[in-house]
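Q:
Residue numbers (my numbering): -2 to 430.
1. Straight-line CA distance for residue 118 to residue 302?
2. So, are the CB atoms of residue 268 and residue 322 less than 8 Å apart?
3. What residue range is occupied by the uninterrupted alpha helix (DSSP H) comprising residue 276?
4. Which whole-angstrom value is the C-beta distance of residue 55 and residue 203, which I expect to be below 8 Å?
5. What is the C-beta distance between residue 412 and residue 85, in whole angstroms, given that I count them as a contact (C-beta under 8 Å)?
6. Just to check my reading of the structure: residue 283 and residue 213 have Cβ atoms closer than 8 Å, yes? What is that Cβ distance to the nearest angstrom?
7. Please look up how many angstroms separate the CB atoms of residue 404 and residue 251, rounded, as I've assumed it's under 8 Å.
8. Output needed for residue 310: all residues of its chain with C-beta closer than 6 Å, excluding positions within five of it in sequence on either side, in chain order.
9. Output needed for residue 124: all residues of its chain with C-beta closer than 8 Å, excluding positions within five of it in sequence on either side, in chain order.
10. By Cβ distance below 6 Å, which residues in the same chain neighbour residue 424 in space, the five residues on each side in sequence not counted?
11. Could you tell me the distance, in whole angstroms, from the CA atom of residue 293 to the CA atom of residue 340?
12. Hey, out of 174, 99, 390, 313, whose CA is closest to residue 295's CA?
13. What is the C-beta distance between residue 356 and residue 380, in whole angstroms, given that I count them as a contact (C-beta under 8 Å)?
14. Does the distance from the C-beta atom of residue 12 to that of residue 279 stay below 8 Å?
15. If you compare alpha carbons, which of 218, 326, 347, 399 is closest to residue 15?
16. May I have the straight-line CA-CA distance separating residue 209 from residue 277, to the nearest angstrom?
17. Under the three-state reduction of DSSP, which class applies to residue 254: helix, strand or coil?
18. Taking C-beta to C-beta, are residue 75 and residue 326 nearer than 8 Å?
19. Measuring only the C-alpha atoms, how far is residue 104 from residue 332?
20. Grouping DSSP H, G and I as helix and E and B as strand, with all else coil, what is residue 227?
21. Report yes if the C-beta distance between residue 315 and residue 199 is below 8 Å; otherwise report no.
22. Quick check on the DSSP output: the alpha helix (DSSP H) that includes residue 290 runs from which residue to which?
23. Classify residue 428 as helix, strand or coil using the three-state DSSP reduction.
24. Report the option in 89, 306, 206 whose CA atom is closest to the CA atom of residue 10.
25. For residue 255, which option in 328, 145, 410 has the closest C-alpha, if you only look at C-alpha atoms?
26. Got a sec? Which residues, its chain only, sit under 6 Å from residue 28 by beta carbon, not counting five neighbours each side?
27. On the three-state DSSP scale, how would you describe residue 94?
28. So, under 8 Å CB-CB, residue 246 and residue 102 are touching, yes? Tell me the CB distance rounded to an integer number of Å.
29. What is the rounded straight-line gap between the Cα of residue 261 and the Cα of residue 32?
30. Express the C-alpha separation of residue 63 and residue 96 in angstroms, rounding to a whole number.
31. What are the partner residues of residue 326, as DSSP defines its beta bridges?
32. Helix, strand or coil for residue 339 per DSSP?
33. First and last residue of the alpha helix (DSSP H) that includes residue 318?
34. Could you say which of 194, 241, 81, 427 lies nearest to residue 419 if we only look at CA atoms?
35. Please work out which residues of its chain come closer than 8 Å, Cβ to Cβ, to residue 161, disregarding the five sequence neighbours upstream and downstream, and give them in chain order.
36. So, residue 287 versus residue 415, is the Cβ gap smaller than 8 Å?
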């Protein structure tokens, strides 16, 4: 297959052309045209991905659970999945804390920039703080209570309730296993066929990915730059040290933690892994949403990494909700950066509090753009750092959101690979597409 026919190259081309269009739009002054006639195609693409996410999770997970024919195997796989996700999250936070304490990027932020940004984003902070209060007021077991829905159709209408959809799918699969016989077999065939149909729809949607990514990137550049590219450039320059720490720590986490996982639990090389999931990573970067990218992640993990469907359909939907390696690492760096910028020295106890709070806050966090900011407010309140300091980083948060979401998705795929290998359900990688 020629290189330009491969999906990941088409997505990269869409990213580059979208970046160029956005810059030209800002310079030439036709931002309104871009927002009115280009951005809607990106919105439609994201909406299509969200539309297919719930049917995909329901169909694939029911099909996967029924193929196990053993509830003991299901509980064993679930225990492994949650444990590995929690461990990688703790490693991510630790790497973030070590990086930000070594480089101290907060001391590089000019005082006048801090004041200007605080005034610019003060209104936005209030909205994020209200959302954080709802999270902070949760009781210890509210997360578990929230997994069980009282109305499945209500849960299915909102992608942020993906864990409830997962719960219903697992429950339905177990019920089919218990029924067995001809009736059970009939339902298994129905969900297998439904799953095949959904996969075909995902393939159709992905054919529009390069165009959707082009529209998303063009709109992002216009939103960031507005009519004043110089202002956007000054802002990115002022916060460059902070961005560098976050991105470097994210890369370090991927190279250290996931490489170690592959060496210990699988025979897959990191390069092979990246080649297989490139389209999912690029799409995650473009959309800043683990949930929206879930259909593509599942397809690449199954078709290109050789993970059997019963594993991917179980591990990946859970990961899209509870696995937030990139987001948790970002929260650790951002919290310490804000404290440094405000002249506050955090104690060891406060930094350990960041580890605990960020880990717990990541569980059940919505896999959608901007959720990390709400979780960051929870962390800041836990270590008694002024929440208003969050205004310092809102200007570059959208770019970093794209980076940390990419790591979240990479982590989901890595854990799926690891669990599949440990269960003996990992085939040979296929890198043809």
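The beta-carbon is built from N, C-alpha and C at its ideal position, and this holds for glycine as well. All figures in this text were calculated on a predicted structure; none of them were measured in a lab.
A: Put simply:
1. Legend: pLDDT at residue 118 = 46, less than 50; position of this residue unreliable, value from coordinates given subsequently. Rounded to the nearest angstrom, the two C-alpha atoms are 43 Å apart.
2. no
3. 267 to 284
4. About 20 Å; that fails the 8 Å criterion.
5. 7 Å
6. 5 Å
7. 6 Å
8. 57, 58, 61
9. Model confidence at residue 124 stands at a pLDDT of 49, short of 50, so the residue's coordinates are unreliable and nothing is read from them.
10. 303
11. 44 Å
12. 313
13. Incorrect: roughly 14 Å between the Cβ atoms, too far for contact.
14. yes
15. 218
16. 14 Å
17. helix
18. no
19. 14 Å
20. With a pLDDT of 48 at residue 227, under the threshold of 50, the predicted position of this residue should be treated as unreliable, and no value is reported.
21. no
22. 287 to 302
23. coil
24. 206
25. 410
26. 22, 219
27. helix
28. That belief does not hold up - the Cβ atoms of residue 246 and residue 102 are roughly 11 Å apart, past 8 Å.
29. 48 Å
30. 45 Å
31. Answer is none; residue 326 lacks a bridge partner.
32. coil
33. 306 to 319
34. 81
35. 143, 144, 145, 146, 149, 152
36. no
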